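Numbering (our numbering), first residue to last: 49 to 442.
Shown next as structure tokens:
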């Protein structure tokens, strides 16, 4: 900001756009950025889940338990964004679809869709779907976008080198791919509905997992806890916003929080941050990198989905714990009887009497009681006051 009567400060010169690794003319495709805080639809990236940051809203105990979940690096395709991506937010919500090498096993779930899209140089039109052509051949052969391994994620906001990006061009190809992924999501939803209903054919393709063995561990669905964790490891357990081309093991960098934005930036930035959500807290927080060369192989997308499953179970555990604590603090219902003067002398069994409503149940009607004081009949109605139920935690 500048004071009245003074000239505004000169604008900072734009960062020179470096030579891109794959794009010959990034400006032609609207991608002439030296750095990008958030990805474009149609970009390929390396993704890694930050489990500690994903459950930060649940408190330090949940964050400590989340350190038991292993975090790998996977290759993903960036789908649509949810809301307006904005660099003032700590995270922005995007749909990420994992890339796999070979036909994904999830393609056997449904006969109505191949559940994947080939990527050139894989020129096999699997399931009748033509392969996607990125701005350069994909670094690995025989690769597919696994549409059933798709997840909404909160992508951290960080200054990342954008020059090594591999992406789809033109934009209509990315839009067509988004429609394909969205269509397959409905097929997957129908598959899970049939599975919950006990469909024998579906259960034959994807049976339910056996119940875990009884254990003293409150989190039997997590890997065993390490024997010891040093203070340094605890401090570096969450790499919330890596910058440039850093690796996940690099020291954590400073990230933007809502408190920082509302106290250290202009009012328009704080207002924009308040208007646009940073994403659903049920979605995992992920870090991304645009340089695909930082990984030597394409990992199985099912490992990514297993990480998400463990994170969901951990989240549900602590959300249920918070609900129980809230119920324990709730005061008991107060019961009072209030007299009300009747306008008539005689009360029949059809007169309205006190009723108790608990959820969707209602007590039956009862005849009203009559009492006489100084020759005047009086009618009493009993009311039981029950406080409104609190809304549940998400």
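Glycine included, every Cβ here is placed at the ideal spot set by N, Cα and C. Note that the structure is a prediction, hence the values are computed from the model and not measured.
Within 8 angstroms, strictly: CB atoms of residue 366 and residue 104: no
Going by Cα to Cα distance, which pick from 337, 117, 198 and 347 is closest to residue 270? 117
So, using beta-carbon positions, are residue 334 and residue 97 closer together than 8 angstroms? Result yes, Cβ atoms of residue 334 and residue 97 sit closer than 8 angstroms.
I need the DSSP call for residue 208, collapsed to helix, strand or coil. strand
Determine the burial state of residue 257: buried for a count of at least 16 other Cβ atoms within 10 Å of its Cβ, exposed for fewer. The residue is exposed, with fewer than 16 neighbouring Cβ atoms inside 10 Å.
Can you check DSSP and say which residues form a bridge with residue 166? Beta-bridge annotation (DSSP): residue 166 is paired with 192.
In three-state DSSP terms, what is residue 330? coil
Taking the alpha carbon of residue 149 as the point to measure from, which residue in 188, 137, 157 and 140 has its own alpha carbon closest? 188
Buried or exposed: residue 79, going by 16 or more other Cβ atoms within 10 Å of its Cβ? buried
What did DSSP end up calling residue 352 once you bin it into helix, strand or coil? In this structure, residue 352 counts as helix in the three-state DSSP scheme.
Helix or strand or just coil, what does DSSP make of residue 72? In the three-state DSSP reduction, residue 72 falls in the coil class, being neither helix nor strand.
Under 8 angstroms between C-beta atoms of residue 192 and residue 165: yes
Pick out whichever of 186, 156, 183 and 182 has its Cα sitting closest to the Cα of residue 174. 156
Quick test of the definition: if touching needs 3 or more C-beta pairs under 8 angstroms, does the region 198–207 touch the region 84–92? yes
In the DSSP output, what is residue 124 paired with across the bridge? 93 and 146
For residue 59 and residue 225, I'd like the C-alpha separation in whole angstroms. It is roughly 39 angstroms from the alpha-carbon of residue 59 to the alpha-carbon of residue 225.
Nonlocal neighbours in the same chain, by C-beta distance under 7 angstroms from residue 190, ignoring five residues either side: 149, 150 and 170
Touching by the beta-carbon criterion (3+ pairs, under 8 angstroms), the region 129–146 and the region 357–377: no
What's the gap between the Cα of residue 120 and the Cα of residue 348? Rounded to whole angstroms, residue 120 and residue 348 show a C-alpha spacing of 10 angstroms.
Range of the contiguous alpha helix (DSSP H) that encloses residue 241: 219–244
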